[in-house]
Amino acid sequence: MAGSGRGAGGRVLHSAQAEDVASASNFRAFELLHLHLDLRAEFGPPGPGPGCRGLSGSAVLDLRCLEPGGAAELRLDSHPCVEVTAAALRRERPDAGQPEPEPVPVCTRPFSHYGQALCVRFPQPCIAGERLRVQLTYRVGEGPGVCWLAPEQTAGKRKPFVYTQGQAVLNRSFFPCFDTPAVKCTYSALIEVPDGFTAVMSANTWEKRGPNKFFFRMCQPIPSYLIALAIGDLVSAEVGPRSWVWAEPCLIAAAKEEYDGVIEEFLATGEKLFGPYVWGRYDVLFMPPSFPFGGMENPCLTFVTPCLLAGDRSLADVIIHEIAHSWFGNLVTNANWGEFWLNEGFTMYAQRRISTVLFGPAYTCLEAATGRALLRQHMDVTGEEHPLNKLRVKIEPGVDPDDTYNETPYEKGFCFVSYLAHLVGDQDQFDDFLKAYVDEFKFQSVLADDFLEFFLDYFPELKRMRVDSIPGFEFDRWLNTPGWPPYLPDLSPGDSLMRPAEELAQLWAAEELDVRAIEAVSTSAWKTYQLVYFLDKILQKSPLPPGNVKKLGETYPKISNAQNAELRLRWGQIVLKNDHQEDFWKVRDFLHSQGKQKYTLPLYHAMMGGSEAAQTLAKETFAATASHLHSNVVHYVQQIVAPLGS
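Per the UniProt record's numbering, the very first residue in the sequence shown carries number 1; after that it's consecutive.
Below is the structure:
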């Protein structure tokens, strides 16, 4: 459904009229009632046609015409890799009974480098209120949203693997659709796989039909980017009353050990804070190492990187972040990608509320400090006045929303939500407000205007005080002016963890090392985020005086030889900024072991900004690993290593 255009309280939503320049579709002309996919997966060599790897079958869209003057065509988002071979239309007019589907013409029109329009022409225009069913027969092979991995690219290296990644505008290369977060619908799917493979999807129910077919149904409406499929050598293990972990057989024991019993605690805490968890199951799929994200919040089935299997549950906050999306992003969604902060800023705030309840304010403030450091690094690279450093980003026609991805919607968005909580002045009241916000706009897509109007109506005293216009903190400034956040939440509860790390980093930055003072500081009991914070401070002070980094690595082998991905990233950045060439091999090995975008891009930036030896390392490593990476990551690394015009 395109959304009722009204909140639960009957308010008319600004998002009901919002455009989405990233969609080629006429999504305002129709209500999408349901989508059904019937697909067969083939694992073969790359290439077009039968016998090659691909997904083939049909997509069926149940629609209702909304256009007051009728509509002569249905226009969907698609991609050149999606080969539509036939289209059929069945109209459901009250005076015509249930006619048989009739073939209708279909054609494509240019749109952008990341997609095209697929146009289905109607023999006679449909009229407002008319229901119709459109069936598209198609095949998709190689494309940006359907990622095929050879056996050697998986963790087990036994069987090939395929998965889809929809965010932001990639699912148009998986199936023809209204590829905009403004449209939500229910869906079902029947997936046929080869012998020995298992299919999983972002759906409420999962049912095996015979030896090779799997049926899925999602009963709640979701946007197209959250429809996700994975097929591979997969097994599962129960880790809670409503949660299973899925992984390749070689990873399942580690996945169960890492998350057994903890996911339910995260879910239950989220429910207390933000209202019922409406999606039924919450399962986690551990992806192959090339998966480009820490996690992807596909409802009912979060996709996560195997980098989370740290062995000590120290990276559990990534799962908390994805769980928080169950309310912010999946249930209440940004209406277009220029408002991405509504998904991610709220989710960062919700993640940190959950972690405060579970782990205490000191831990949460320490983790938030690492997030603030990432925002600082980003703005130092781009310059604070860069147009992407505002919450409401104007995405120009033809610009891929993925190309606007950065830390700002996450961390500056978190600061804005924290500022609103500061205005309220009472944590319980603000928690109640967030619960009311989710209830008001559940299953809807919204703009910042919808949220902020609801905020001011919910707190009429703040509205009377004109808190939206406080000089220097105007809501309009938060949304539309680039730069450092006008308000930073107080992180002083984390001082007990941060101060020792800051003082130790200062010791290591000295020209003459005070070995006795350094040895007096024991880091053996420090948690991962305290070590991360320490390394962030070392990175800020780098390059260190000659010899200090070598001594640092020798003093703390649990850092310099860590298997924890967050520590490996920071150590790699420190090694590169200090041109500590004897540890360059650790950077190379880390980039060979995984393809997460947030780990990969900073290291390539550091290499290309470093010495000639570091630049050579970048080019050699990229040449060796490009075939293992997601297409988006390849694109971004190419821009770093060999930018156009260079």
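Just so it is clear, CB atoms sit at the ideal spot from N, CA and C, and this is done for glycine as well. Since we're looking at a predicted model, the values are computed, not measured.
{"query": "Pick helix, strand or coil for G329, following the three-state DSSP scheme.", "result": "coil"}
{"query": "Hey, how far is the Cα of E152 from the Cα of D449?", "result": "48 Å"}
{"query": "For my contact list, F27 and A182 are in at a C-beta cut-off of 8 Å; report their separation, rounded to the angstrom.", "result": "6 Å"}
{"query": "Within its chain, find whatever has a CB closer than 7 Å to the CB of M607; leave out the 5 residues flanking it on each side and keep chain order.", "result": "L576, A614, Q615, L617 and A618"}
{"query": "With burial defined as no fewer than 16 other Cβ atoms inside 10 Å of the residue's Cβ, what is the status of H580: buried or exposed?", "result": "buried"}
{"query": "From what residue to what residue does the beta strand (DSSP E) around N86 run?", "result": "The residue asked about is misnamed: residue 86 is Ala in this sequence, not Asn. Here the beta strand (DSSP E) through A86 covers V82 to E92."}
{"query": "Is the distance from the Cβ of L190 to the Cβ of P299 below 7 Å?", "result": "no"}
{"query": "Which of the three DSSP states is assigned to H113 in this structure?", "result": "coil"}
{"query": "I think G595 touches H628, with their Cβ atoms under 8 Å apart; what is that distance to the nearest whole Å?", "result": "6 Å"}
{"query": "From the DSSP output, in three-state form, read off W585 for me.", "result": "helix"}
{"query": "Which value, in whole angstroms, describes the spacing of the CA atoms of D439 and E192?", "result": "37 Å"}
{"query": "State the Cα-Cα distance for the pair L301 and T186, rounded to the nearest angstrom.", "result": "16 Å"}
{"query": "DSSP three-state label for T382, please.", "result": "helix"}
{"query": "By Cβ distance below 6 Å, which residues in the same chain neighbour H378 in space, the five residues on each side in sequence not counted?", "result": "N406 and E407"}
{"query": "Would you kindly check if the distance between the Cβ of V235 and the Cβ of V284 is under 7 Å?", "result": "no"}
{"query": "Which one or two residues does DSSP pair with L39 in a beta bridge?", "result": "G57 and I191"}
{"query": "Distance, Cα to Cα, residue 651 vs K551?", "result": "The requested residue 651 is not part of the displayed model; the chain covers only 1 to 646."}
{"query": "Where does P176 land, buried or exposed, given buried means 16+ other C-beta within 10 angstroms?", "result": "buried"}
{"query": "Starting from the N-terminal side, write out each stretch of the beta strand (DSSP E) that is 3 residues or longer and does not extend beyond the stretch 227-310.", "result": "229-232, 235-240, 243-247, 283-286 and 301-304"}
{"query": "Identify the continuous alpha helix (DSSP H) that holds F214 and give its terminal residues.", "result": "Looking at the DSSP string, F214 is not in any alpha helix (DSSP H); the run it does join, the beta strand (DSSP E), is K213 to P223."}
{"query": "Are A501 and Y529 touching if we call contact CB-CB under 7 Å?", "result": "no"}
{"query": "G57: beta carbon under 6 Å from a heavy atom of the ligand GTP?", "result": "Absence of the ligand GTP is noted for the structure shown, with no ligands found whatsoever."}
{"query": "Identify every residue that forms a DSSP beta bridge with Q444.", "result": "V332"}
{"query": "Beta-carbon separation of V162 and W148 under 7 Å?", "result": "yes"}
{"query": "I'd like to check one pair, L136 with A87: are the Cβ atoms closer than 7 Å?", "result": "yes"}
{"query": "Could you spell out the range, first to last residue, of the beta strand (DSSP E) harbouring M465?", "result": "Counting along the chain, M465 falls outside any beta strand (DSSP E), and DSSP gives it neither H nor E."}
{"query": "Just mark N561 as buried or exposed, buried being the case when its beta carbon has 16 or more other beta carbons within 10 Å.", "result": "exposed"}
{"query": "For the stretch 483-502 against the stretch 351-370, are there 3 or more C-beta pairs whose distance is under 8 Å?", "result": "yes"}
{"query": "Need the endpoints of the alpha helix (DSSP H) that S631 sits in, please.", "result": "S631 to V641"}
{"query": "For W206, which of C307, C219 and G196 has the nearest alpha-carbon?", "result": "C219"}
{"query": "Under 7 Å, do V120 and V104 count as touching if we go by C-beta distance?", "result": "yes"}
{"query": "Straight-line CA distance for W327 to A510?", "result": "47 Å"}
{"query": "So what does Q135 bridge to, in DSSP terms?", "result": "V60 and A88"}
{"query": "Does G345 pass the burial test, meaning 16 or more other C-beta atoms within 10 Å, or should it be called exposed?", "result": "buried"}
{"query": "Check the DSSP bridge columns for S78 and list the partner residues they point to.", "result": "Q116"}
{"query": "Between R281, P211 and I320, which has its C-alpha nearest S243's C-alpha?", "result": "R281"}
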